[in-house]
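Engineer: One structure follows; several queries about it will come next.
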Amino acid sequence: MSGLIQLSGLLPVLVSLLVFTLFLKVNCESLRVSVVSLNGVWALNNSNNSLSLGASVPGCVHTALQNNNIIQDPYYRFNDLAYRWISLDNWTYTTSFSLADSFRESRRAVLVFEGVDTVSTIYLNGLFIGKTDNMFQRYDFEVAELLKDVNILNVVLMSAVTYASERRQAHTAYSVPPECPPAVQKGECHVNFIRKAQSSFSWDWGPSFPTLGIWKGVRLECFESIRITSFVTSPKYDIALSSWTVEVELFFDVVVASKGIVLLSVPQLHSEGKFQLSLVPGKNSTSFVLQISQNITVDLWWPFGHGQQPLKELFINISMEGGEKLHAKRMIAFRTVELVQDPIPDSTGLSFYLRINGQPIFLKGSNWIPAHAFQDQVTADRLAQLLISAQMANMNVLRVWGGGIYEQDLFYSLCDQLGIMVWQDFMFACALYPTEQGFIQSVREEVTQQVRRLKSHPSVILWSGNNENEAAIAANWFFIAPDERPRYLKDYVHLYVDNIREIVLQADSTRPFLASSPTNGVESVKEGWVAKNPYDPNYGDVHFYNYFHDCWDWRTFPRTRFASEYGFQSWPSLSTLSKVSVSVDWDFSSNFSSHRQHHELGNQQMLIQAKLHYILPNNTDPIQRYRDNIYITQVMQAQCVKTQTEFYRRCRSDIVEGRGHTMGALYWQLNDIWQAPSWSSIEFGGKWKMLHYLAVRFFDPLIAVGVEDNGDFLIYAVSDRNRDFILKATVKFYYWNSFTPQCSLESEGTKVKGGTATLVFARPVSELLTNCKNCTREACVVIFDVSDPENGVRSPSNYLFLSSPRDAEGLQKPKIKFTVEDGGDRFKVNLHCSSPALFVWLDAEDIPGIFDDNGFLMMSENYTVFFTKWRLTNLKEFVAKLHITSLRDIY
Ligand code: BMA
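Numbering (our numbering), first residue to last: 68 to 958.
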């Protein structure tokens, strides 16, 4: 099998991306707005002043305590419990800053908090200036009257846990479940009463760290007449005129009425326009529509794998009558997006897919969760590494899941550049929510601000109101009595439809809105926004989890229109776990192993599923057995998600008993928040699990999917390519103990249209086996691919087990040996084995980097893989740390 990932080194790519990203920032040489950054080290105190330390802003209390060596790594062993006190205390951040006269004499001065986590009362020079209670809002406070030469600013934070509980107690009319997370999550209660990352009170993959802090920047903006608070760009295609326009919205804070001229230009498209600007005092907004020259061909922005991601510069120059000027620029991109929900012949339901630039696109990807419990520790490198890893696995979409946060600007800028589409949830998950006036007002402001902030990004292709809250009502997760149900239904519609949806539709006509995920889309709307069964495979998207069915049996998967969540857990590698644990923890029955598992029965489920097809590890050395157990959970997860994803991809063209036309496969979940068992394909710290290596193949634009159906062996060619190919299948049967294929077949070429799944090979399994020197299900494995030699196209090699590997006959210990050569930015690993090896796994411990292939079947004596390093290391270290395991080595 050939290497999958062609990499000349990831770091240079990261660096160039970051440089490019800086360039994307809006560069406001403002209308004489003087800005004083208040970021830096502030003083931090707890409520009784027993703790007093320096704390970075942006930042949070936990990080500050850790940086001051007052606490250990909060992720270490059981520290999430030991440090619960931090979140139960109240904390005050204090800074002082001096100001030159020119600032103090400004007519207006606004203190801008880009993000406070979460509940605070803020004082300037001892005087109250405002309160915050929503982590997802930016807060601006007027302070011109209060400024002095030397100023003291205090942000008094209240425990989010106490606040949530108080809000719950105050909500006496009826309960708003769930009250608390399941005990196994060891979390805090009533998170649905606070506008804060819902997973911060614990989740089934994450710890409870209800942070407090000033998690985004703080600055003072002083000005005389006008300041711009937002600058939003939306390219739109005008079908009637067959041409593009760019709508530019500007949001102002105006002191005195004034007039000016606005010049908009996109030099790369030879387009410019001049507009009159007329502003009245107060908060204002205005918009202009720039017509892109009709005789210019506009290069479109495409999702990764479908074309380029051209970004163009849009310049804005404002000249006010008083002589003030402003220049700013923004990167823009041109693409259209439609969510298609149309009748399908031979089916009762409706389609559900995304059309980008008029072309149906199969969405391949995963779900994104917060990359750290302490957001100040999510560095640009960490973020870029995760997003580049997603793209390297041929993903074209990530869903920013509704239980976390609206991500930082850099996340979306990188997605714009990488061609990763973003399905953006609003931050509500797995709960019912209160709908009293104050809560709704806060959400309205949050949604208004977030839509404004994210709208300019071409990568964002869809808004979705919440995670699983339609399902929670429909399936009555919280045991609501029948006569109480109307009240909750009403609240649901009030929050997501009358408020969130209303704001989104008003503010953004350039992308679709769904009220929930999963949902039946227009069918849910028809049924009053909560469908009887939001998991209906005939409509909308589906989340599907089943840990007890055999995941190799594709019949157990729903033939849905769109799979936005599905997955299986695995454990991260020992090198990742050893950062937060000690050797007594390295046992599946240790306290640590159950403490870290936040999903009820999760550890058992993994092993039960693994046992269906593999022999479980039995090494007598306990640490080796622990490593092998981790390995087998990763094999199980990778193979399960592979099977399910291949199923969804091969369902894109067929309708079977009314079902099919699947157009999306987003497994749960891409990344991790800490070192723990979870559904992720990338461990905390960036190391790829086996699943991520397999995703490179199963998300390849052209794959061969092999299945058994009613005794037949079928191969589907699934193509996301834009053009047609004549594809033939090459099929080889190998005995488990031989490198030479026992027999090979080749099918006739079949025309496979771009964007289809087409059957290219079908033969009874029994016939294939008897014709192949008496291969049996247990003795042989089938390896296949599809190719169009004339056009030089070939899918990655794939395999189908005709029996479980636990029953494989003749499979021997492969005695894998290796030598390593230093090739500069990568190591060349030459592998040698004595017999075929399954799920060969190379693990370089904590040396960050990626192999160009891993988790593969080694069906030849020799095979070479490359390891691209993400940090400096040397041959000696690499050789010492490299572990190689295959399935037959663990028992
Ligand atoms: C889904 C998600 C998450 C959860 C995951 C795994 O339902 O939306 O809430 O973490 O399942 O249980």
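Don't be surprised by glycine CBs; every beta carbon is placed ideally from N, CA and C.
Since we're looking at a predicted model, the values are computed, not measured.
To the nearest angstrom, how far is the alpha carbon of V798 from that of V848?
Structural biologist: One C-alpha to the other measures close to 10 Å.
Engineer: If you measure from the CB of L406, is any heavy atom of the ligand SAM nearer than 6 Å?
Structural biologist: In terms of ligand content, the structure shown lacks the ligand SAM and carries the ligand BMA instead.
Engineer: Between the C-alpha atoms of I697 and N566, what's the straight-line distance to the nearest angstrom?
Structural biologist: Computed Cα separation, rounded: 46 Å.
Engineer: What is the DSSP secondary structure of E713, counted as helix, strand or coil?
Structural biologist: In the structure shown, E713 sits in a helix (DSSP, three-state: H, G or I).
Engineer: Where does F64 sit, in a helix, a strand or coil, going by DSSP?
Structural biologist: Summary: the structure shown does not reach residue 64, with the chain confined to residues 68 through 958, and so no result is reported for it.
Engineer: Under 6 Å Cβ to Cβ from R171, same chain only, skipping five residues before and after it: list those, please.
Structural biologist: The answer, listed in chain order, is L214.
Engineer: Taking the alpha carbon of I472 as the point to measure from, which residue in V183, T130 and S870 has its own alpha carbon closest?
Structural biologist: For the residues V183, T130 and S870, the minimum Cα distance to I472 belongs to V183.
Engineer: Just to confirm, are D791 and G821 a CB contact at a threshold of 7 Å?
Structural biologist: Yes, these two residues count as a Cβ contact at 7 Å.
Engineer: Does A541 pass the burial test, meaning 16 or more other C-beta atoms within 10 Å, or should it be called exposed?
Structural biologist: Its Cβ being crowded by 16 or more others within 10 Å, A541 is buried.
Engineer: Taking 6 Å as the cut-off, does the CB of C247 come closer than this to any heavy atom belonging to the ligand BMA?
Structural biologist: No, the Cβ of C247 stays beyond 6 Å of every heavy atom of the ligand BMA.
Engineer: Name the residue from M387, S297, A400 and T817 whose alpha carbon lies nearest to the alpha carbon of T353.
Structural biologist: Checking every option, the nearest Cα to that of T353 belongs to S297.
Engineer: Can you find a heavy atom of the ligand BMA that lies under 6 Å from the Cβ of N534?
Structural biologist: It does: the Cβ of N534 is within 6 Å (strictly closer) of some heavy atom of the ligand BMA.
Engineer: Is the separation between the beta-carbon of A762 and that of S748 shorter than 7 Å?
Structural biologist: For A762 and S748, yes; Cβs fall inside 7 Å.
Engineer: Just the Cα atoms here: how many angstroms apart are G319 and F401?
Structural biologist: For clarity, residue 319 is Phe in the given sequence; the question names Gly instead. Cα-Cα distance, rounded: 26 Å.
Engineer: Note down, in chain order, each residue of its chain lying with its Cβ closer than 7 Å to the Cβ of Q312, except the 5 sequence neighbours on either side.
Structural biologist: Residue 312 is actually Thr in this sequence, not Gln. The residues are K303, D305, V356, L357, Q358 and I359.
Engineer: What is the rounded straight-line gap between the Cα of M488 and the Cα of V404?
Structural biologist: Going from the Cα of M488 to the Cα of V404 covers about 11 Å.
Engineer: Return yes when the C-beta of D608 is under 6 Å from any heavy atom of the ligand BMA, and no when it is not.
Structural biologist: Incorrect: D608 has no Cβ contact closer than 6 Å to the ligand BMA.
Engineer: Check whether the Cβ of W735 sits closer than 6 Å to any heavy atom of the ligand BMA, and report yes or no.
Structural biologist: Result yes, Cβ under 6 Å from the ligand BMA.
Engineer: Using CA atoms only, rank isn't needed, just tell me which of Q335, N351 and G273 is closest to I363.
Structural biologist: I363 has its Cα closest to that of Q335, out of Q335, N351 and G273.
Engineer: From S745 to D739, what distance separates their C-alpha atoms?
Structural biologist: Roughly 7 Å separates the two Cα atoms.
Engineer: S962 by DSSP, collapsed to three states: which one?
Structural biologist: The requested residue 962 is not part of the displayed model; the chain covers only 68 to 958.
Engineer: Could you check how far apart the C-beta atoms of G602 and Q711 are, in whole angstroms? I think they sit under 8 Å.
Structural biologist: Per the sequence shown, the amino acid found at residue 602 is Tyr instead of Gly. About 15 Å; that fails the 8 Å criterion.
Engineer: Please go through the same chain and pick out, in chain order, the residues whose beta-carbon is closer than 6 Å to the beta-carbon of G607, but skip the five residues on each side of it.
Structural biologist: Closer than 6 Å at the Cβ level, and outside the excluded window around G607, lie F419, T586, N587 and G588.
Engineer: Which of helix, strand or coil does DSSP assign to V93?
Structural biologist: No answer about V93 holds up, because its pLDDT of 35 lies below 50 and its placement is not dependable.
Engineer: Taking the alpha-carbon positions, what's the Q960 to H610 distance?
Structural biologist: With the chain represented from 68 up to 958, any question about residue 960 goes unanswered, as that position is not in the structure.
Engineer: Tell whether a beta-carbon distance below 7 Å holds between L781 and A829.
Structural biologist: Going by C-beta atoms, L781 is nearer than 7 Å to A829.
Engineer: Over what stretch of residues does the alpha helix (DSSP H) that includes S480 continue unbroken?
Structural biologist: Start and end: D476 to L485.
Engineer: So for W735, helix, strand or coil by DSSP?
Structural biologist: It is coil, neither helix nor strand.
Engineer: Can you check DSSP and say which residues form a bridge with A824?
Structural biologist: DSSP lists V785 as partners of A824.
Engineer: Relative to the alpha-carbon of W741, which residue among S114, D147 and L835 has its alpha-carbon at the smallest distance?
Structural biologist: When only C-alpha atoms are compared, the closest one is D147.
Engineer: Would you kindly work out how many angstroms separate the C-alpha atoms of I261 and D688, rounded to a whole number?
Structural biologist: Going by the C-alpha atoms only, they are around 48 Å apart.
Engineer: Residues in its own chain within less than 7 Å of N113 by CB, not counting five upstream and five downstream?
Structural biologist: Hits under 7 Å: D156 and W158.
Engineer: Closest to H728 by C-alpha separation, out of E288, P249, R294 and P412, would be which residue?
Structural biologist: Out of E288, P249, R294 and P412, P412 has the C-alpha closest to the C-alpha of H728.
Engineer: Would you kindly work out how many angstroms separate the C-alpha atoms of S523 and V510, rounded to a whole number?
Structural biologist: C-alpha separation (whole angstroms): 21 Å.
Engineer: Can you name the start and end residues of the alpha helix (DSSP H) that S509 belongs to?
Structural biologist: First-last of the alpha helix (DSSP H) with S509: Q504 to L521.
Engineer: For C497, verify whether its CB is less than 6 Å away from any heavy atom of the ligand BMA.
Structural biologist: Yes; taking the cut-off as 6 Å, the Cβ of C497 has a heavy atom of the ligand BMA nearer than that.
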